[in-house]
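These protein sequence lines map, in sequence, to chains Z, U, G, Y and S. Be aware that the first sequence starts at 1, since it is given in my numbering, and climbs by one per residue. Be aware that the second sequence starts at 1001, since it is given in my numbering, and climbs by one per residue. Be aware that the third sequence starts at 2001, since it is given in my numbering, and climbs by one per residue. Be aware that the fourth sequence starts at 3001, since it is given in my numbering, and climbs by one per residue. Be aware that the fifth sequence starts at 4001, since it is given in my numbering, and climbs by one per residue. Input: a single structure, listed below in structure tokens.
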Amino acid sequence: MKMTDTVRQILRNYEGENPGVKAKLCSMLMQGKLAGTGKMIILPVDQGFEHGPARTFAPNPAGYDPHYHYQLAIDAGLNAYAAPLGQLEAGADTFAGQIPTILKLNSANSLMSDTAGKNQAITGSVDDALRLGCAAIGFTIYPGSDMALDMFEEIVEMRREAAACGIATVIWSYPRGEAISKSGETAIDIAAYAAQIAALIGAHVIKIKLSTDHLELPEAKKVYEEQSIDIATQAARVRHCMEASFNGRRIVVFSGGAKKGTDSVYDDARAIRDGGGNGSIIGRNSFQRSREDALEMLQNLVDIYLGKA
Amino acid sequence: MKMTDTVRQILRNYEGENPGVKAKLCSMLMQGKLAGTGKMIILPVDQGFEHGPARTFAPNPAGYDPHYHYQLAIDAGLNAYAAPLGQLEAGADTFAGQIPTILKLNSANSLMSDTAGKNQAITGSVDDALRLGCAAIGFTIYPGSDMALDMFEEIVEMRREAAACGIATVIWSYPRGEAISKSGETAIDIAAYAAQIAALIGAHVIKIKLSTDHLELPEAKKVYEEQSIDIATQAARVRHCMEASFNGRRIVVFSGGAKKGTDSVYDDARAIRDGGGNGSIIGRNSFQRSREDALEMLQNLVDIYLGKA
Amino acid sequence: MKMTDTVRQILRNYEGENPGVKAKLCSMLMQGKLAGTGKMIILPVDQGFEHGPARTFAPNPAGYDPHYHYQLAIDAGLNAYAAPLGQLEAGADTFAGQIPTILKLNSANSLMSDTAGKNQAITGSVDDALRLGCAAIGFTIYPGSDMALDMFEEIVEMRREAAACGIATVIWSYPRGEAISKSGETAIDIAAYAAQIAALIGAHVIKIKLSTDHLELPEAKKVYEEQSIDIATQAARVRHCMEASFNGRRIVVFSGGAKKGTDSVYDDARAIRDGGGNGSIIGRNSFQRSREDALEMLQNLVDIYLGKA
Amino acid sequence: MKMTDTVRQILRNYEGENPGVKAKLCSMLMQGKLAGTGKMIILPVDQGFEHGPARTFAPNPAGYDPHYHYQLAIDAGLNAYAAPLGQLEAGADTFAGQIPTILKLNSANSLMSDTAGKNQAITGSVDDALRLGCAAIGFTIYPGSDMALDMFEEIVEMRREAAACGIATVIWSYPRGEAISKSGETAIDIAAYAAQIAALIGAHVIKIKLSTDHLELPEAKKVYEEQSIDIATQAARVRHCMEASFNGRRIVVFSGGAKKGTDSVYDDARAIRDGGGNGSIIGRNSFQRSREDALEMLQNLVDIYLGKA
Amino acid sequence: MKMTDTVRQILRNYEGENPGVKAKLCSMLMQGKLAGTGKMIILPVDQGFEHGPARTFAPNPAGYDPHYHYQLAIDAGLNAYAAPLGQLEAGADTFAGQIPTILKLNSANSLMSDTAGKNQAITGSVDDALRLGCAAIGFTIYPGSDMALDMFEEIVEMRREAAACGIATVIWSYPRGEAISKSGETAIDIAAYAAQIAALIGAHVIKIKLSTDHLELPEAKKVYEEQSIDIATQAARVRHCMEASFNGRRIVVFSGGAKKGTDSVYDDARAIRDGGGNGSIIGRNSFQRSREDALEMLQNLVDIYLGKA
């Protein structure tokens, strides 16, 4: 399939990057029902690691089988499927070449004491990504954690290694930790800051959460008020986060969190679209529904990003 | 001996893996009295490290000699023998080629203060496993420990190195540490979670403990109750752990703990069998009995797995 | 453009260095409106990392776009442009060869708790600097921090690697941390010490802050008083810092801090010039003004360094 | 000199080992007055590091000179001489080929605060051992210390490197640290455990202290009493430690500690001999006596091991 | 210049060492006014790092310029000049081949909080020493610090690397830290211990401080008294430190500390000479005087070591 001008324009923004990485970004942008539009929907399945298997898959037990998610992403016409090592490996041969995959290289879990700090374990490598034919590596950073500097350094090194092999890098930039309050984790100033950091350390695709109009840092609050930065609506906040991502020179996708009603999911997508974001990364809201419901909901999301809904 | 269809089907689940690793998994699955059935009994002897020599071997002093265990595993027709470096080396030449061996790469000991944290020392390497002709490396992780992320990262790296050399990886996934209560160590939600983590970080064979119907994590408890997950019997709990192991796409063996009566050992095995587990890993219950008693008990276990008892 | 005698004399001071590094220093000294004078003005844009995007760019939103800063530095006839990895990459191709760039290899951020310590994350590498065609690497050290020894060791190693590839090293020597009071961070004894440390660990270009006449360390205070060291004026303090930089054998540029009135900026520059310093590194005072105002102000700074204002 | 059957039988126990390592073990077993008997006396001189030079050498100042100890070991007909890097180097050329040497790779010192933890510095390498023509490397572990896991990992790695070069490994297994009481350091259950750990992590020669009949660990105490393990005499305790050393498949030498009367030294040696131990490692009791006295005492020890005294 | 018998005898003590290292030791011993005598005077200039530039150079501002010290060492006919990386580099070309240089590889600074611990930063490498044509590397260890084990390990590794390239190693052994009182830092038992440690970890040249007759460690005190070790005079203490340095098989030079009257400097030198020490390492007492005074004082020191004063 021939690259569209929209995609060509997006790739042009990765000025420092080699053709190999651009080809991988292209493969994700030219995949599925949103191919060529510059919009993306990604299916991530790492919640079994983060929350445990029962909390993740019991609502729709078909999801215990790693094959289920590959098939769902393919049948729904999504752009990419992201998961940790074992999860990807369990279907790597059956579904080879049918959908771009993102190897999630680090993961948290719910079996850690508070004193252990906010951090994730590195559970995969660039070599694994190459061996499994992945389009990208995925990595979570926790801006605000006392471990943040280490996490930045880890992904910077793995990104370099990956790019040298023609593999793209997706950074999950999730504020969390000692320096941030609970409501600060989704504050708009923090969200924009998280996007900026991901861009600065070299993310090709940035994944952040949708935010609230809360302002966490006093020094930032002052500036938002003095400069009358528009953060009143979700669309406005998405737009501000795009500014913070090199004024839109980087692909940014937004996640919606725990399972909720479809109307709420659709509202999120419209805000992302209207604010100029590149799309959704949507896990529990996909696979914790029945396959039938999930396919219907994902089709509606596609229609929203196509401007039809 | 020709591979059976049952074994072929099991190996097919390791989609990302190379023929070398599959050959080693095959060598264990096609060994001994359970050859070809997809069931396994493994003899592990690392308790001298974990509890000291007298507590481990004094009940049956013949066990002080490393040769004893090789011979026991061979004569009982088991699938594999697992031990730390020195223990394996002490019989590596005499018993070469007679039974697949698993080099246990890390070990805890009972001479550590509480402040030292829950961790194990790495006491062997993939090079050692190659040099000694081992079929697999073994590694313990402690989900729930403040050292867990480090342990995950260690085995992920060694697994990668081992697989590249055609050596399989067995992960002992033993919940323990700051984030877990004593009864939580054997809670079913934690056991399933431990199996899931081992699968996600790339275990070819997962070793977990049999569990109780206790539910440790409040958020998990809610889901188990809402979704009415069946955890009433040991067999049901084994079945749930198999679900958590990629819906049975990974080999899972269960351990029984300290020495106890044979009836109890047999009950465990029947539950493992009925729940769809792949078998037992049974140390102290084997070698702390006299050789004669152990051989009889192990024969009975074989019969249980063969469906004859 | 032919090297001037002034520049030749400066380069002669780098006795241990190879021609590759000297060529890069030359490229910066022979660039822009101050070419050949031995004076420099550098534009640094890493405040988005340090303070977040809104605090940094909202006063002049054009700055959200990384291209803006390249263009500003070129149009103002500056000597070099310094920024972190992502920021440089976003314009690396468009502006290749038009202005020497300095890849800032480490960065702090405002999302760190007090217990996390004073440190920065390494977010780039010498390989990145080579790949992006940079003239130099930049690195911040925090003399006075409990992490200072680590930071010294990091840049010493990266400097060695960079120099071996013919890339120069700029060290931001910013006193900060457990051993220093707030007013000590800009005390003259500390500033001179910071310059000395940067010189001793191998900086080719030293960046320090302008200082006050406060004396922080009791043992140093005694010496300043006994020896009647002149620290009464900003120019005298600049002169003292040049002494501490191998008696002027190293290039030293001074930064002015947060945005302030242009008169104050000009006063600083005159003091730097009169004290024998090599120039200014001026970020927020450049890009937080409108492009028009910034260009006017930078022209006036050039005139000051040319002795015309 | 032709290898005796006794030595051949001992070497046969190192089943996993290459001929290079066996040759080095052979060189020590076939050296001096006990050559071929399977018994050994080793002279270790690392106390200058551990206690300082005056406490170590002032009682017999000839010992300040490193040549003294080489000559003593040679003239007394001992099996090997063990010392840290500088100490060995100072006579390496003069005495080359005259006695097998053991390069002690780590050392403690008496200038450490309690908060620094129980640990040793690594002060030599396998490359040094090769360069100096050593028969073995020596390494101390502290089972019971919070640093024990690190120490295990260090020697495991160095042992692997050494064995690959045909150099044997001697492990000093000295219980010490946060998990052990003062009397526990010489308790028999701990001594046997220390021997077991050394064997499991791959020691070719194990060095432990003679023990008391104290039992430190409650769980172990129970087993010793239930199983009526004989620990009443020193010989019985030596025998038990040999059991814990793979039932005698590993060479074990015993140390006697600070300087004491010769009768006591002889009693120790008879207990080691009668319990089936392989010999003595005897430092301060050798070199803190005059050369004449030391030679006489060492001859008597030889006679004891030969069964003549 | 032909090597003297005295020097040949000294070099013979380095039995484990290669000709490259011996040649470098020879180059220092055969340099300047003490050439061939086995005595040495070394000029060290790392106090700018340790105490800051003003405290170090303001008393004689000519010293701000790194060239000053090269020239002073050459004109005074000293044996070697030691300084950190930047300081050496700043004159490396101008003075190449005129005097042996020692690259000081680690340095402390006065901007560290108490909680940061007693340690130094590594600010140079063996590669730097090679590139700059140095005769030796210099490294400080702090016996008594909680960081001491790390420091020992660092220099052991760098010494090995340096020796393999034919570069000698000078160890500054300076007791300091949590395990030692202030007066203990110069106690004779500690000084001798510090010399012994430096010798054991492989120093070719040992640098220690002159000591007092204070005895710090109770266990050592007992031995000094029992054995009546002569520590009454500075010369006796120097002699004892030479004993602790392999009975004189290692070169030992002594430092005198902060600036003081010349008589006191001469007394120190006579004690070093009379106690059998190899010479002085003398920094602040040299360069904090006017050049004229320094040259006169250094000539007098030469005369003392030549036995003429």
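Glycine residues also receive a C-beta, built at the ideal position from the N, C-alpha and C atoms. For clarity, every value in this text was computed on a predicted model and none was experimentally measured.
Its chain contains P4059, N4060, K4259 as the residues whose beta carbon lies nearer than 6 Å to that of Q4288 of chain S, once the 5 sequence neighbours on both sides are disregarded; these appear in chain order.
Taking each of Y:Y3224, Y:I3188, Y:G3016 in turn and checking the Cα distance to V3238 of chain Y, the smallest one comes out for Y:I3188. Under the 10 Å beta carbon count, T123 of chain Z is surrounded by 16 or more other beta carbons and is classified as buried. Not a single CB atom of chain G sits nearer than 7 Å to the CB of R176 of chain Z. In this structure, the CA atom of L4132 of chain S is about 21 Å from the CA atom of D4075 of chain S.
One finds A54, A58 in chain Z with Cβ atoms closer than 8 Å to the Cβ of Y1224 of chain U, taken in chain order.
At a cut-off of 7 Å between C-beta atoms, G4097 of chain S does not count as an interface residue with respect to chain G. In the DSSP assignment, V4253 of chain S falls within the unbroken beta strand (DSSP E) covering 4251 to 4255. Given a length threshold of 4 residues, each whole run of the alpha helix (DSSP H) inside the stretch 2054 to 2124 of chain G is given here in chain order: 2066 to 2075, 2085 to 2089. Against Q2196 of chain G, the close residues of chain S are G4048, F4049, G4052, P4053, in the order they occur along the chain (beta-carbon pairs closer than 8 Å).
When DSSP reads this structure, G1138 of chain U sits in a beta bridge with U:K1104, U:V1170. Here V223 of chain Z is near A2054 of chain G, since their CB atoms are less than 7 Å apart. With contacts defined as CB atoms closer than 7 Å, Y1142 of chain U and K1104 of chain U fail to qualify as a contacting pair. DSSP, reduced to helix, strand and coil, places V205 of chain Z within a strand of the structure shown. C-alpha of C3241 of chain Y to C-alpha of T4186 of chain S: approximately 45 Å in a straight line.
From the listed residues Z:N79, Z:K308, Z:A23, Z:T169, the smallest Cα separation to G279 of chain Z is found for Z:N79.
Excluding residues up to 5 positions away in sequence, V1007 lie with their Cβ nearer than 6 Å to the Cβ of L1029 of chain U in the same chain. Only residues of its own chain outside the window of five on either side were considered, and among them R3159 have a CB closer than 6 Å to the CB of G3202 of chain Y, listed in chain order. Listed by position along chain S, the residues whose Cβ is nearer than 9 Å to that of Q2227 of chain G are A4054, A4058, P4059, P4061.
One Cα belongs to S1145 of chain U, the other to A121 of chain Z, and the distance between them is close to 13 Å.
At a beta-carbon threshold of 8 Å, the residues of chain Y lying near L1085 of chain U are V3156, L3200, I3201, G3202, ordered along the chain.
By the criterion of at least three beta-carbon pairs nearer than 8 Å, the stretch 2211 to 2220 of chain G is not in contact with the stretch 4146 to 4156 of chain S.
Per DSSP, S27 of chain Z is one residue of the alpha helix (DSSP H) stretching across 19 to 29.
Listed along chain G, no residue sits closer than 7 Å to M4297 of chain S by beta-carbon distance, the nearest being about 21 Å off. M2242 of chain G carries a helical assignment under DSSP once its states are collapsed to helix, strand and coil. Shown here for S2183 of chain G: same chain residues with a beta carbon closer than 6 Å to its own, the five before and five after excluded, namely H2214 in chain order. Closest in C-alpha terms to A4129 of chain S, from the list G:G2016, G:R2176, G:E2050, comes G:G2016.
Membership of G2283 of chain G in any alpha helix (DSSP H) is not indicated, and neither H nor E is assigned to it by DSSP. Within the DSSP bridge table, the entry for T1262 of chain U names no partner.
At the C-beta level, V1045 of chain U and A1083 of chain U come within 7 Å of one another. Under the three-state reduction of DSSP, I4041 of chain S is assigned to strand. Not flagged as an interface residue toward chain G: F139 of chain Z, since no C-beta distance is shorter than 7 Å. DSSP, read as helix, strand or coil, puts T212 of chain Z in strand.
About 7 Å separates the beta carbon of H3067 of chain Y from that of T3094 of chain Y, a gap short enough to meet the 8 Å contact definition.
If you look at M1297 of chain U, you'll find it in the alpha helix (DSSP H) that goes 1291 to 1305. Residue pairing by DSSP puts A2187 of chain G in a beta bridge opposite G:T2212.
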